[in-house]
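**Student:** Under the working numbering, the letters of the sequence shown match residues 27 to 520, in that order. Cβ coordinates follow ideal geometry from the N, Cα and C atoms, glycine included.
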Amino acid sequence: MEFFARSGNPAGQRTDCAIVGVYSNGDLPAATQAINQATHGLLDQLRKHGDLPTKAARCIWLPGVGDTVFRGLLLVGLGDKGKYDLSQYRKSLAAALRTLHGSGVRNAISYLGHHVEGSEEIYRWTRLGVETAVDANYEYRTTKSGKSTARRPAKIGFAISQGKHRRSADKGIRHGRCIAAGQSLARDLGNLPANVCTPSYLAKTARDMAKKHKKLQAEILGPAQIKKLGMGALLAVTQGAKEPVRVIVLKYRGAAADSKPIVLVGKGVTFDTGGVCLKPPPAMDEMKFDMCGAAGVIGTMRAVVELDLPINLIMVVPSCENMPGSNATRPGDVITSMSGKTIEILNTDAEGRLILCDALTYARRFKPDTILDVATLTGACVVALGGTFSGIMTRDDKLAAELLDAGRRACDRAWRLPLDEEYDRQLRSNFADFANSAGREGGASIAANFLGRFTEGLRWAHIDIAGTAWKTGKAKGATGRPVAMLVEYLLSRC
Ligand code: BES
Ligand code: MN
Ligand code: ZN
């Protein structure tokens, strides 16, 4: 898909389809008004008959109503005038672009962000416009036979009212493209079935990325090296599986060698059966998404590389399957993590924290400035926050504020959940330094406190994306979250 920015007379832009908005009270934004005039009051007429799309994100596609300049008109409801913000913009734009699927329209210009003023705002609306368009046009095809059925527009323009901020719009498009590329990669990896997307597959994805980019270097650790490092927690999770374990490291050098790196750690459980503590069958297929933390950080690496950001960034992905079997870990087994701390595995389904704790310990060698781990870690986080907010847990108030802010700016929001000794106490064990699980209540915070035992002295935050990384139901599929939040945070660190 191609994107471009346009300034100038809204009614004078040549396109197959002009996408224009209508407020819920029937008022027209300036760009829509201009097009109304160019069509000799077409929208006035529709309003007279009560035919304007006044409901938010409702679409009416009118092919062939334009003149020689724009051929068709797509009217979209913007909702209440006073409440039309970035979030509603994204919903309306996505609905409009989906309406065009299969319509035969090859290029379109959106006027839905035309009213926005100022360099920063124009940058943001254009950037999120691109991210939204790529998201709306995303289609998973890898393991389906045949070709895509619905043709999508190949060129999408974003109209702006202030020509003097053209460069901000262009920058927004460039950034949007890079971020969307990262999101699409994260979605592809998430959507792939576990028999394709294995730890080795994730490793190959990382290695192929490193081959293409000079500033990127890959290092893949296999079972022998992982044993040598003493990653007993990761090995305990993988021991029931035939599929070989990997620790995937990507290093991006965008700044001076002495500039401390930011480290991203992503949970890469390519399938989580629960192990001997087997999960119930309903929706178990969705546990192929248990590597979405890995997908999110791989996608973020891709975006950062394409943005060519002036930072040093390192990714560490511990990746394996969590399977039952005669060789699998039993509840009650005590293992020794890379840190030397012993862990009683009370529940083999609390495997994410086990693979992450060794990855966090491993990451210490990079002397990170900041370390963020991203994981589909707990069902409790899904219960607490649903699919809207990711959970953030950290001891560092400033880091929490920065991440929450980044999420807000990127429309990829998060909410802070507690990290507190009270949860920590519940992990006590009679047979090891502590256990890997405790009661159901407060599960997201208990898991975070478990990880907190391996991150003393580090500037660290844990991001639980169990509710946000994929959608269930008819729209089942990976979302590409939290790539946007992470990239926004990294942009703010430049
Ligand atoms: N991958 C799951 C978390 C999960 C569950 C994500 C449902 C999305 C939807 C994780 O490995 C897990 O099984 N967690 C357990 C922990 C419990 C056994 C302490 C959970 O949340 O139930
Ligand atoms: Mn599990
Ligand atoms: Zn899991």
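For the structure I just gave you, are there three or more beta carbon pairs, one from the segment 341-356 and one from the segment 435-443, closer than 8 Å?
**Tutor:** Judged by Cβ distances under 8 Å, the segment 341-356 makes no contact with the segment 435-443, as fewer than three pairs qualify.
**Student:** Find the nearest neighbour of G105 within the set R507, K181 and L54, judged by alpha-carbon distance.
**Tutor:** The count along the sequence shown starts at 1 and reaches residue 105 at position 79. That would be L54, whose Cα lies nearest to the Cα of G105.
**Student:** Quick one: give me the first and last residue of the alpha helix (DSSP H) that G202 is part of.
**Tutor:** As a first step, residue 202 must be located in the sequence shown, where it is residue number 176. Its alpha helix (DSSP H) spans residues R192 to N217.
**Student:** Helix, strand or coil for A464? Go by DSSP, reduced to three states.
**Tutor:** One-based indexing of the sequence shown puts residue 464 at position 438. It is coil, neither helix nor strand.
**Student:** If you draw a straight line from the C-alpha of T168 to the C-alpha of V360, how long is it?
**Tutor:** Numbered from its first residue, the sequence shown carries residue 168 at position 142. Numbered from its first residue, the sequence shown carries residue 360 at position 334. Looking at the two C-alpha atoms, the distance is approximately 41 Å.
**Student:** Hey, quick one: how far does the alpha helix (DSSP H) through V91 stretch, first residue to last?
**Tutor:** For the purposes of this step, residue 91 is taken as the residue at position 65 of the sequence shown. Looking at the DSSP string, V91 is not in any alpha helix (DSSP H), and its letter there is neither H nor E.
**Student:** Would you mind sorting T341 into buried or exposed? The rule is 16 or more other CB atoms within 10 Å of its CB.
**Tutor:** Position 315 of the sequence shown, counting from 1, holds the residue named residue 341. One point to set straight first is that residue 341 is Met, not Thr, in the sequence displayed. When all chains shown are included, M341 counts as buried.
**Student:** Which runs of the alpha helix (DSSP H) fall wholly inside the segment 386-469 and span at least 4 residues, in chain order?
**Tutor:** Here the runs fully enclosed are 405-411, 423-435 and 447-450.
**Student:** At a cut-off of 8 Å, is K314 close to the ligand MN when judged by its beta-carbon and the heavy atoms of the ligand?
**Tutor:** For this step, residue 314 is matched to residue 288 along the sequence shown. False, no ligand heavy atom lies under 8 Å from that Cβ.
**Student:** Just to confirm the assignment: which complete alpha helix (DSSP H) runs, minimum length 4, are found wholly within the segment 52-120?
**Tutor:** Within the segment 52-120, the complete alpha helix (DSSP H) runs of at least 4 residues are 56-64 and 68-74.
**Student:** Taking 9 Å as the threshold (C-beta atoms), are H191 and G144 in contact?
**Tutor:** For the purposes of this step, residue 144 is taken as residue 118 along the sequence shown, with counting starting at 1. For the purposes of this step, residue 191 is taken as residue 165 along the sequence shown, with counting starting at 1. Yes, the Cβ-Cβ distance between G144 and H191 is below 9 Å.
**Student:** Rounded to a whole number of angstroms, what is the C-alpha to C-alpha distance between S33 and Q188?
**Tutor:** Within the sequence shown, the letter at position 7 stands for residue 33. Within the sequence shown, the letter at position 162 stands for residue 188. Their Cα atoms are separated by approximately 7 Å.
**Student:** I'd like the span of the beta strand (DSSP E) that includes T368, first residue to last.
**Tutor:** Mapped onto the sequence shown, residue 368 falls at position 342. T368 to E370 is the extent of the beta strand (DSSP E) around T368.
**Student:** Thinking just about the alpha-carbon of each residue, which of A259, T175, V509 and A180 is nearest to the one in T355?
**Tutor:** In the sequence shown, the residue the question calls residue 355 occupies position 329. The residue with the shortest Cα to Cα distance from T355 is A259.
**Student:** What do you get for Q209, buried or exposed, if any count of 16 or more other CB atoms within 10 angstroms of its CB means buried?
**Tutor:** To locate residue 209, count along the sequence shown from 1; it is residue 183. Per the 10 Å Cβ criterion, buried.
**Student:** Using the beta-carbon of each residue, find all residues closer than 5 Å to any heavy atom of the ligand BES and list them in chain order.
**Tutor:** Answer in sequence order: D298, D316, N373, D375, A376, G378, T402, T404, G405, S463 and A492.
**Student:** Look at the alpha carbon of L126 and the alpha carbon of I45, and state the distance between them as a whole number of angstroms.
**Tutor:** Translated into positions along the sequence shown, residue 126 becomes position 100. Translated into positions along the sequence shown, residue 45 becomes position 19. Distance between the alpha carbons of L126 and I45 is about 10 Å.
**Student:** Going by DSSP, what residue range makes up the alpha helix (DSSP H) through I252?
**Tutor:** Here residue 252 refers to the residue found at position 226 of the sequence shown. Taken as a continuous stretch (DSSP letters only), the alpha helix (DSSP H) holding I252 covers P249 to L255.
**Student:** Provide the residue(s) that pair with A133 in DSSP beta bridges, ordered along the chain.
**Tutor:** Position 107 of the sequence shown holds residue 133. Rather than Ala, the amino acid found at residue 133 in this sequence is Asn. Bridge partners of N133: K181.
**Student:** Throw me the rounded Cβ distance for the S363 and D384 pair, which I believe falls under 8 Å.
**Tutor:** Here residue 363 corresponds to residue number 337 of the sequence shown, with the count starting at 1. Here residue 384 corresponds to residue number 358 of the sequence shown, with the count starting at 1. That pair is a contact at about 6 Å.
**Student:** Cβ of V343 versus every heavy atom of the ligand GDP: is any distance shorter than 8 Å?
**Tutor:** The ligand content of the structure shown is limited to the ligand BES, the ligand MN and the ligand ZN, which means the ligand GDP is not among them.
**Student:** With R6 and I288 assumed to form a contact (beta carbons below 8 Å), what rounded beta-carbon distance in angstroms separates them?
**Tutor:** A query on residue 6 cannot be resolved here, the shown segment of the chain reaching from 27 to 520 and no further.
**Student:** Counting Cβ pairs closer than 8 Å, one from the segment 320-335 and one from the segment 413-424, do we hit at least three?
**Tutor:** The segment 320-335 vs the segment 413-424: no contact.
**Student:** Give me the residue from W151, K181, C223 and M235 with the minimum Cα distance to A195.
**Tutor:** On the sequence shown, residue 195 is found 169 positions in, with the first residue counted as 1. Here the closest residue by C-alpha is W151.
**Student:** For the alpha helix (DSSP H) containing G506, list its first residue and its last residue.
**Tutor:** Along the sequence shown, one-based indexing puts residue 506 at 480. Here G506 belongs to no alpha helix (DSSP H), and DSSP marks it neither H nor E.
**Student:** Classify L242 as helix, strand or coil using the three-state DSSP reduction.
**Tutor:** In the sequence shown, counting from the first residue as 1, residue 242 sits at position 216. Correct three-state label for L242: strand.
**Student:** Taking G319 and G292 to be in contact with their CB atoms under 8 Å, please state how far apart those CB atoms are, rounded to whole angstroms.
**Tutor:** Along the sequence shown, read from residue 1 onward, the residue named residue 319 stands at position 293. Along the sequence shown, read from residue 1 onward, the residue named residue 292 stands at position 266. Rounded, the Cβ-Cβ distance is 4 Å, consistent with contact.
**Student:** When the Cα atoms are used, what is the spatial distance from L430 to A510?
**Tutor:** Position 404 of the sequence shown, counted from the first residue, corresponds to residue 430. Position 484 of the sequence shown, counted from the first residue, corresponds to residue 510. Between L430 and A510, the C-alpha separation is close to 12 Å.
**Student:** Is V295 near the ligand ZN, judged by its Cβ being under 8 Å from some heavy atom?
**Tutor:** Locating residue 295 in the sequence shown gives position 269, where the first residue counts as 1. Yes; taking the cut-off as 8 Å, the Cβ of V295 has a heavy atom of the ligand ZN nearer than that.
**Student:** Find out if the Cβ-Cβ distance for the pair L453, S463 is shorter than 9 Å.
**Tutor:** For the purposes of this step, residue 453 is identified with residue 427 of the sequence shown, where counting begins at 1. For the purposes of this step, residue 463 is identified with residue 437 of the sequence shown, where counting begins at 1. Their beta carbons are under 9 Å apart, which means L453 touches S463 by this criterion.
**Student:** Alpha carbons only, please: which of I186, G378 and A389 is nearest the one belonging to K277?
**Tutor:** Against the sequence shown, residue 277 aligns to sequence position 251. K277 has its Cα closest to that of A389, out of I186, G378 and A389.
**Student:** Alpha carbon to alpha carbon, how far is G216 from R391? Give it in angstroms, no decimals.
**Tutor:** By 1-based counting over the sequence shown, the position of residue 391 is 365. By 1-based counting over the sequence shown, the position of residue 216 is 190. For R391 and G216, the distance between alpha carbons rounds to 29 Å.
**Student:** Given L112, which residues of its chain have a CB within under 8 Å of its CB, disregarding the five upstream and five downstream residues?
**Tutor:** In the sequence shown, the residue the question calls residue 112 occupies position 86. These residues qualify, in order along the chain: R150, W151, L154 and C437.
**Student:** Between N348 and the ligand MN, is there a pair consisting of the residue's CB and a ligand heavy atom that are separated by less than 8 Å?
**Tutor:** The residue you call residue 348 lines up with position 322 of the sequence shown. Checking every heavy atom of the ligand MN against the Cβ of N348, one is found closer than 8 Å.
**Student:** Measuring CB atoms only, is the segment 280-287 touching the segment 444-460, in the sense that at least three cross pairs come out at less than 8 Å?
**Tutor:** Touching, no.
**Student:** Below 8 Å, can you find three or more Cβ-Cβ pairs linking the segment 237-257 to the segment 294-309?
**Tutor:** The segment 237-257, when compared against the segment 294-309, does not touch it at the 8 Å Cβ threshold.
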